[in-house]
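Input: a single structure, listed below in structure tokens.
Number of protein chains: 2
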Amino acid sequence: MVKKVVIVGGGIAGIYVLRNLLARREEIEEGLDLTLLKRERSGWVSTCGLPFALRGWYEIKRTEINEPKFFLDQGVDFRTETEVTKLDLEARTVKIADGEELAYDYLVIATGREPSVPEAVANTELEGISTFNNEDDARKIEAAMEGATNAFVRGRGIIGLQAAVAFATKGLNTTVLGGPPSLLPGSLDPDMGDIVKKWLEEKHGIRFILARKEITGVKGENGRVKSVVIGDGEEIPADVVVIARGMRPNVGLAVDAGIATGDSGGIVTDGAMHVRRGRGYLRDVFALGDCTEVIDGITYRPRLSQLASTVVVQSKVVADNIISDIKGQPALYSISVPCLSPTVAEIGGLIVGSVGVTGEAATRAGIKTLSGTATKLVKARYFPGAKPLTMKLLFDAYSHKLIGAQMVGESTVAERVNELQMAIRAGMTAEEIRNTERCYDPSLSLLIDVTIDATEKAMGITPVY
Amino acid sequence: MVKKVVIVGGGIAGIYVLRNLLARREEIEEGLDLTLLKRERSGWVSTCGLPFALRGWYEIKRTEINEPKFFLDQGVDFRTETEVTKLDLEARTVKIADGEELAYDYLVIATGREPSVPEAVANTELEGISTFNNEDDARKIEAAMEGATNAFVRGRGIIGLQAAVAFATKGLNTTVLGGPPSLLPGSLDPDMGDIVKKWLEEKHGIRFILARKEITGVKGENGRVKSVVIGDGEEIPADVVVIARGMRPNVGLAVDAGIATGDSGGIVTDGAMHVRRGRGYLRDVFALGDCTEVIDGITYRPRLSQLASTVVVQSKVVADNIISDIKGQPALYSISVPCLSPTVAEIGGLIVGSVGVTGEAATRAGIKTLSGTATKLVKARYFPGAKPLTMKLLFDAYSHKLIGAQMVGESTVAERVNELQMAIRAGMTAEEIRNTERCYDPSLSLLIDVTIDATEKAMGITPVY
Numbered sequence: 001m002v003k004k005v006v007i008v009g010g011g012i013a014g015i016y017v018l019r020n021l022l023a024r025r026e027e028i029e030e031g032l033d034l035t036l037l038k039r040e041r042s043g044w045v046s047t048c049g050l051p052f053a054l055r056g057w058y059e060i061k062r063t064e065i066n067e068p069k070f071f072l073d074q075g076v077d078f079r080t081e082t083e084v085t086k087l088d089l090e091a092r093t094v095k096i097a098d099g100e101e102l103a104y105d106y107l108v109i110a111t112g113r114e115p116s117v118p119e120a121v122a123n124t125e126l127e128g129i130s131t132f133n134n135e136d137d138a139r140k141i142e143a144a145m146e147g148a149t150n151a152f153v154r155g156r157g158i159i160g161l162q163a164a165v166a167f168a169t170k171g172l173n174t175t176v177l178g179g180p181p182s183l184l185p186g187s188l189d190p191d192m193g194d195i196v197k198k199w200l201e202e203k204h205g206i207r208f209i210l211a212r213k214e215i216t217g218v219k220g221e222n223g224r225v226k227s228v229v230i231g232d233g234e235e236i237p238a239d240v241v242v243i244a245r246g247m248r249p250n251v252g253l254a255v256d257a258g259i260a261t262g263d264s265g266g267i268v269t270d271g272a273m274h275v276r277r278g279r280g281y282l283r284d285v286f287a288l289g290d291c292t293e294v295i296d297g298i299t300y301r302p303r304l305s306q307l308a309s310t311v312v313v314q315s316k317v318v319a320d321n322i323i324s325d326i327k328g329q330p331a332l333y334s335i336s337v338p339c340l341s342p343t344v345a346e347i348g349g350l351i352v353g354s355v356g357v358t359g360e361a362a363t364r365a366g367i368k369t370l371s372g373t374a375t376k377l378v379k380a381r382y383f384p385g386a387k388p389l390t391m392k393l394l395f396d397a398y399s400h401k402l403i404g405a406q407m408v409g410e411s412t413v414a415e416r417v418n419e420l421q422m423a424i425r426a427g428m429t430a431e432e433i434r435n436t437e438r439c440y441d442p443s444l445s446l447l448i449d450v451t452i453d454a455t456e457k458a459m460g461i462t463p464v465y
Numbered sequence: 466m467v468k469k470v471v472i473v474g475g476g477i478a479g480i481y482v483l484r485n486l487l488a489r490r491e492e493i494e495e496g497l498d499l500t501l502l503k504r505e506r507s508g509w510v511s512t513c514g515l516p517f518a519l520r521g522w523y524e525i526k527r528t529e530i531n532e533p534k535f536f537l538d539q540g541v542d543f544r545t546e547t548e549v550t551k552l553d554l555e556a557r558t559v560k561i562a563d564g565e566e567l568a569y570d571y572l573v574i575a576t577g578r579e580p581s582v583p584e585a586v587a588n589t590e591l592e593g594i595s596t597f598n599n600e601d602d603a604r605k606i607e608a609a610m611e612g613a614t615n616a617f618v619r620g621r622g623i624i625g626l627q628a629a630v631a632f633a634t635k636g637l638n639t640t641v642l643g644g645p646p647s648l649l650p651g652s653l654d655p656d657m658g659d660i661v662k663k664w665l666e667e668k669h670g671i672r673f674i675l676a677r678k679e680i681t682g683v684k685g686e687n688g689r690v691k692s693v694v695i696g697d698g699e700e701i702p703a704d705v706v707v708i709a710r711g712m713r714p715n716v717g718l719a720v721d722a723g724i725a726t727g728d729s730g731g732i733v734t735d736g737a738m739h740v741r742r743g744r745g746y747l748r749d750v751f752a753l754g755d756c757t758e759v760i761d762g763i764t765y766r767p768r769l770s771q772l773a774s775t776v777v778v779q780s781k782v783v784a785d786n787i788i789s790d791i792k793g794q795p796a797l798y799s800i801s802v803p804c805l806s807p808t809v810a811e812i813g814g815l816i817v818g819s820v821g822v823t824g825e826a827a828t829r830a831g832i833k834t835l836s837g838t839a840t841k842l843v844k845a846r847y848f849p850g851a852k853p854l855t856m857k858l859l860f861d862a863y864s865h866k867l868i869g870a871q872m873v874g875e876s877t878v879a880e881r882v883n884e885l886q887m888a889i890r891a892g893m894t895a896e897e898i899r900n901t902e903r904c905y906d907p908s909l910s911l912l913i914d915v916t917i918d919a920t921e922k923a924m925g926i927t928p929v930y
């Protein structure tokens with residue numbers, strides 16, 4: 001009999017499970033019936049591309065890689081603007097807002113996340129205030145930017161800063177409110193985060209308020225926001241307000257169905273992405289993406305990851321396990337790996353990267369570290385593109401193994417994050433990294449790279465420049 | 466008593482040993498007396514930067530990073546234009562051309578390599594013909610380019626191709642003669658080498674003759690070369706001729722002193738870079754760089770590496786061992802690693818990279834491989850710099866471990882070589898690489914990178930694009 005897979009959620013997580021299953025559909029003789037249910041109107045959207053659209057690099061519609069028709073034409077029951085109201089794991093059905101119940105053989109929960117909106121904003125009817133979670137939000141923000149003079153962003157993570165850069169680029173006076181002491185605390189220690197802050201202040205004129213303050217009020221005119229009030233009364237002019245803080249796993253449906261969540265707030269899964277219910281894991285229910293928690297690759301504690309890149313791996317684990325189960329083959333756990341959250345973001349011309357734990361996260365986990373920071377050009381100074389890069393490396397003080405890397409520079413950051421992730425996964429020690437040959441062409445690299453300098457500094461050796 | 470170190474050779478190898486020893490000199494209470502003997506007139510030259518100087522990116526003199534004075538001022542007995550005539554390992558002296566004998570406590574052999582010059586060229590007195598091994602050669606070539614119309618390059622390795630690009634950039638009709646079947650055979654399999662050939666033909670108008678032919682004659686006018694004759698009579702116009710083939714280890718002095726060389730022609734060393742003589746290794750004589758052979762990191766067979774990057778690691782091994790020995794500490798073997806020769810080269814706007822074994826080298830060693838090749842943009846197509854990259858990955862068919870990577874593209878190649886070298890050293894399998902998360906920002910990378918596509922192709926899986 002035809003097997004039915006129902007995917008709840010049409011962000012990157014749901015779409016990538018769908019795409020992986022489509023690619024392997026022909027392996028299943030009895031056929032594979034695929035349904036995807038999503039709230040938004042669109043098909044497959046590159047949400048990570050939205051901040052660049054606001055910056056004017058291209059139109060928002062360009063981020064829609066495939067319209068729903070693309071999936072409908074392949075025989076997928078692809079339903080947009082569809083609200084799921086209940087997951088019934090006993091009846092093995094999914095109920096949607098109009099009352100219809102869809103039966104499933106395999107259920108995939110990819111319900112994503114939602115920002116934590118301050119109370120003062122949640123209850124306003126003023127226009128110009130938006131979260132920044134999907135393309136519908138992007139369109140609202142774009143509309144609010146029209147004729148605006150002042151912008152306000154609540155949140156100092158990647159999305160908040162990318163939104164701020166978009167506003168500043170478009171000439172708006174831009175203020176960012178975030179917690180102390182520094183930017184991007186999930187990826188960068190304060191010393192590194194301060195480099196980003198200085199760049200955004202100097203190159204883009206963005207103003208930062210990093211303090212334990214919250215939005216306590218909003219004021220408007222003709223139904224549009226004109227200012228926000230923070231803390232005990234400071235008023236900041238704002239014609240457009242973006243709320244991009246505290247991205248919480250969207251787990252309501254799962255919790256109602258009795259599925260376990262962890263301390264991080266995310267759905268608990270095993271290595272095959274099966275969800276947990278009571279004492280067992282369900283062979284036919286999977287969860288992935290921003291609504292789930294991952295196992296940290298350094299501390300082995302559960303935490304959130306919420307990166308599109310994490311989803312790409314998880315979607316293969318889900319699809320491979322569904323196919324394997326249909327074929328009567330064993331579950332695949334080994335294809336999943338503890339998460340190192342390799343992160344990269346272009347923020348107003350500066351590229352920020354990190355992988356593994358930060359110094360702060362290591363301290364929280366009780367890990368003693370050796371750390372080294374170095375700044376160096378990425379290639380010989382007489383070649384075009386010879387820009388500086390600052391790298392901070394963290395080694396476990398006991399084993400000398402690399403456990404974290406942070407970078408700020410204008411190029412080569414993404415690739416270095418991938419390289420250092422390999423080094424962390426491989427358990428490379430400072431001594432080994434120091435004596436690892438690196439490829440050299442003076443127009444592309446230095447004979448002694450910043451990685452070596454940072455490593456030697458962590459080892460207490462003075463680098464030969 | 467002050468310990469005396471004599472370094473023979475002033476290329477990157479000799480200079481980097483010197484620089485590492487200078488950096489650690491203060492650790493030795495009794496003092497360290499440093500001598501470097503070199504043939505050329507210059508101090509520390511970035512020889513890898515010379516081809517770009519010929520292309521007009523900067524003056525040749527810019528490649529001299531430090532003049533001899535820089536080292537003399539630090540108390541180094543830095544002798545240029547000095548020919549060493551004998552190494553006496555019994556007397557522990559080095560004899561130079563004027564008859565002087567310098568005593569040493571530690572001897573470092575860094576005598577480099579020399580191209581194999583065809584007989585027909587070796588004996589000519591015509592001007593305009595040169596090897597391309599150092600800055601003196603570069604000056605000769607630059608002089609010959611003045612007013613020239615036609616250029617001829619013997620050699621299809623990195624140096625030969627970079628010279629050809631320099632000539633073509635300067636408007637010379639350029640012909641390259643090399644062996645069959647394809648370019649850069651040490652780094653690329655024929656399918657990948659052909660991409661480079663096509664690029665150089667189409668973008669730079671370079672003509673290639675890849676055949677088992679040798680230069681059999683040269684013709685001249687007024688003491689200057691006007692053409693070369695190849696094989697049994699084809700005459701090719703040439704006002705400038707560069708010989709850049711068959712780089713042989715320069716081991717005459719070492720062999721005369723009884724030091725062992727291997728099948729590759731290079732000096733044999735152990736992991737601490739001690740040379741072998743008779744049945745033993747000498748604690749006080751080291752060799753490194755282009756004159757030595759390395760242990761291959763995949764086959765564990767000896768071979769040549771001859772990269773500046775190899776020298777950087779070897780120079781630390783030599784310096785650390787000298788310091789360790791002076792201090793009465795044990796020799797350091799573990800800091801040396803089998804060589805994977807991570808290679809990158811910019812060749813006329815195209816960047817070529819490789820690490821580990823090629824398919825050809827694997828076949829020669831009897832290794833059965835799984836290979837996958839994929840071409841993809843390095844980032845989303847609507848971002849500036851979204852250029853294609855072709856990657857070929859080779860996995861050991863038995864263990865599925867990555868053993869080689871080859872790349873051709875316009876960006877991110879150097880960094881990817883470093884990443885994949887980490888993966889090879891770590892013993893990562895195709896399955897592990899496939900399911901390794903990679904950092905993502907659409908302006909910098911794709912959600913599913915070409916590395917994943919190439920890996921999945923090698924595994925027989927159709928990539929989800």
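Residue numbers (our numbering), protein chains in the order written: chain A, 1 to 465; chain B, 466 to 930. Where a beta carbon is used, it is the ideal one built from N, C-alpha and C, also for glycine.
Same chain only: Cβ atoms within 7 Å of residue i, ignoring 5 sequence neighbours per side
i, result
"Gln886 of chain B", "Leu805, Pro807, Val820"
"Ile939 of chain B", "This structure does not reach residue 939 of chain B, given that chain B is present from 466 up to 930, and the question cannot be answered."
Own chain partners of residue i with C-beta closer than 6 Å, once the 5 adjacent residues on each side are dropped
i, result
"Ser507 of chain B", "Glu529, Glu600"
"Leu89 of chain A", "Ala257"
"Asp570 of chain B", "Lys468, Lys469"
"Tyr281 of chain A", "Asp270, His274"
"Val618 of chain B", "Gly625, Ala628, Ala629, Val641, Val707"
Closer than 8 Å at the beta carbon, the chain B residues around residue i
i, result
"Gly353 of chain A", "Cys904"
"Arg19 of chain A", "Val929"
"Cys339 of chain A", "Glu902"
Within chain A, the residues that residue i reaches when beta carbons sit closer than 7 Å
i, result
"Lys781 of chain B", "Asn435"
"Ala888 of chain B", "Met422"
Closer than 7 Å at the beta carbon, the chain B residues around residue i
i, result
"Tyr382 of chain A", "Tyr523, Arg527"
"Ala386 of chain A", "Residues of chain B passing the Cβ test: none, with the nearest at roughly 12 Å."
Assigned secondary structure, residue i (DSSP; H/G/I helix, E/B strand, else coil)
i, result
"Tyr465 of chain A", "coil"
"Trp664 of chain B", "helix"
"Gly289 of chain A", "helix"
"Tyr16 of chain A", "helix"
"Ile7 of chain A", "strand"
"Met391 of chain A", "strand"
Check whether residue i and residue j have beta carbons under 7 Å apart
i, j, result
"Leu210 of chain A", "Gly266 of chain A", "no"
"Val225 of chain A", "Ile129 of chain A", "yes"
"Gly171 of chain A", "Ala244 of chain A", "no"
"Gly348 of chain A", "Leu188 of chain A", "no"
"Ala168 of chain A", "Gly205 of chain A", "yes"
9 Å Cβ cut-off: residues of chain A touching residue i
i, result
"Ala923 of chain B", "Here the premise fails: no neighbours, minimum Cβ distance about 16 Å."
Proximal chain B residues relative to residue i, where beta-carbon distance stays under 9 Å
i, result
"Leu447 of chain A", "Ile477, Tyr481, Ser511, Cys513, Ala773, Ser774, Val776, Val777"
Cβ-based neighbour list, residue i, same chain, cut-off 8 Å, excluding 5 preceding and 5 following
i, result
"Leu446 of chain A", "Lys376, Leu377, Val378, Lys379, Ala380, Tyr440"
"Pro185 of chain A", "Arg156, Gly179, Gly193, Thr358, Glu360"
(message) Would the stretch 856-863 of chain B count as touching the stretch 835-842 of chain B if we require 3 or more Cβ pairs under 8 Å?
(response) Contact holds: three or more Cβ-Cβ distances are below 8 Å.
(message) If contact is defined by three or more beta carbon pairs under 8 Å, each pair taking one atom from either stretch, is the stretch 857-877 of chain B in contact with the stretch 826-835 of chain B?
(response) Note that the stretch 826-835 of chain B touches the stretch 857-877 of chain B; at least 3 beta-carbon pairs, one per stretch, sit closer than 8 Å.
(request) Specify whether the stretch 781-799 of chain B and the stretch 485-492 of chain B touch according to this definition: at least 3 beta carbon pairs, one from each stretch, less than 8 Å apart. (result) Counting C-beta pairs with one atom in each stretch, the stretch 781-799 of chain B and the stretch 485-492 of chain B have three or more that are closer than 8 Å, which means they touch.
(request) Decide yes or no for the touch test of the stretch 450-458 of chain A against the stretch 517-526 of chain B: beta carbon pairs closer than 8 Å, at least 3 of them. (result) no
(message) Quick test of the definition: if touching needs 3 or more C-beta pairs under 8 Å, does the stretch 108-125 of chain A touch the stretch 249-256 of chain A?
(response) yes
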